[in-house]
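With our numbering applied, the sequence shown has no gaps in its numbers, which climb one by one up to 242 at the end.
Note that beta-carbon positions come from the ideal geometry of N, C-alpha and C, so glycine has one too.
The structure displayed is predicted, hence computed values, not measured ones.
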Amino acid sequence: MNDVLDLRIAHLYAHFLNIYGDRGNILSLTHRALWRGIEVQVESIGLGESIDADRYDIYFIGGGQDKQQETIAADLLRHASTLRAAVDSGAVILSICGGYQLLGHYYRPAEGEELKGISLIDAFTVAGNRRMIGNVIVKRTDGSTLVGFENHSGKTFLGPGLPPLGKVISGNGNNGEDGFEGTHSGTIYGTYLHGSLLPKNPDLADEMISLALARRHGEIKLHPLDDTLELSAHKRALSLPT
Ligand code: GLN
């Protein structure tokens with residue numbers, strides 16, 4: 001066990017997959033840890049760079065247009081076994097939209113080549129004939145809600161054993177057909193919720209921080225923060241038109 005309580009975050013393809021403010025998730029994870037006296041290192045992993053599977057506690061991959069996904073997909077494939085090993089060692093992966101799609105078996109865009117995913121999750125994505133855009137409300141199995149904003153043409157379908165992140169209360173979610181949004185399996189999180197996701201969903205941010213800290217530090221009880229602002233933003237988002 002490490003003595004110093006610290007959190008190491010890898011930001012994958014920060015310059016390519018970062019639309020609709022997805023970098024805000026890194027800021028939320030970072031500050032919610034720092035506010036608790038936890039040291040944080042955030043390191044960007046770009047095209048052609050290597051990943052030390054033992055180093056990071058959280059991996060973040062954001063969303064992107066088809067073009068950006070094409071640019072990084074082949075490079076991400078190089079990391080498939082490293083990311084699998086990282087998850088097996090307890091690392092958290094948070095993937096948003098385009099990044100989420102590439103964690104599955106493939107993403108078949110409306111135009112251009114099918115992009116091979118890393119098959120970290122049993123899911124696949126095919127472009128639909130409309131863009132799914134707007135505010136989304138999701139209910140998790142514990143009854144809590146998540147709020148965010150979606151903008152995707154891809155329809156993601158989860159394999160039979162892969163749990164969703166939650167049920168769609170309003171909006172489209174994974175595919176606008178089966179009523180589910182995202183996926184959460186162990187330390188793997190995938191979602192279409194931009195916004196960015198975590199600032200308005202502080203409990204989810206803390207869930208990820210706790211899971212990630214446990215990897216090298218064992219179970220850590222996070223003391224509560226004053227989430228007045230975050231929860232008022234969450235509440236406001238619940239009343240937005242969808
Ligand atoms: N390009 C993908 C799609 O349109 C992902 C978009 C995104 O990351 N917001 O489905």
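- Separation of the CB atoms of L29 and I58 is rounded to 6 Å, and the pair is thereby assigned contact status at 8 Å.
- H152 counts as buried, since at least 16 other C-beta atoms from the protein chains shown sit within 10 angstroms of its C-beta.
- Not one heavy atom of the ligand GLN is found less than 7 Å from the C-beta of N174.
- By the neighbour-count criterion, in which 16 or more other beta carbons inside 10 Å mark a residue as buried, I133 falls on the exposed side.
- Cβ neighbours of D206 within its own chain (closer than 6 Å, five residues either side excluded): L222.
- Taking 7 Å as the cut-off, the C-beta of G154 counts as close to a heavy atom of the ligand GLN.
- Given a length threshold of 4 residues, each whole run of the alpha helix (DSSP H) inside the stretch 17–61 is given here in chain order: 24–34.
- Using a Cβ-Cβ distance cut-off of 8 Å, the stretch 134–145 and the stretch 164–184 are in contact, since at least three pairs of beta carbons, one from each stretch, lie closer than that value.
- In terms of Cα proximity to G48, the closest of G176, Q69 and L76 is L76.
- In this structure the stretch 1–14 touches the stretch 38–54; the number of beta carbon pairs closer than 8 Å is three or more.
- Between H79 and the set S89, I220, D52 and V92, the nearest pair of CA atoms involves D52.
- If you draw a straight line from the Cα of P164 to the Cα of R215, it comes to about 23 Å.
- Separation of S185 and L162 (C-alpha to C-alpha, rounded to the nearest whole angstrom) is 7 Å.
- For R108, the enclosing beta strand (DSSP E) starts and ends at Y106 to R108.
- Contact between L225 and R32 is confirmed by a C-beta separation of about 7 Å, below the 8 Å threshold.
- Selection T187, L83 and K155 evaluated against G179 yields K155 as nearest (Cα-Cα).
- Put simply, the stretch 196–206 does not touch the stretch 98–105. Fewer than three CB pairs are less than 8 Å apart.
- Here T242 is exposed. Its C-beta has fewer than 16 other C-beta atoms within 10 Å.
- The beta carbon of D122 sits closer than 6 Å to those of G159 and L162, all from its chain and outside the five residues before and after it, given in chain order.
- If you compare the alpha carbons of M208, D227, L229 and T228 with that of E219, the shortest gap goes to M208.
- Of the candidates Q101, I118, A85 and H15, Q101 places its Cα closest to the Cα of G182.
- Here E230 is not bridged, per DSSP, to any residue.
- Taking a 10 Å sphere around the C-beta of H15, we find fewer than 16 other C-beta atoms and assign the residue as exposed.
- DSSP places L204 within a helical segment (H, G or I) once states are collapsed to three.
- When C-alpha distances from N25 are compared across Q68, G62, G143 and L240, the shortest belongs to G62.
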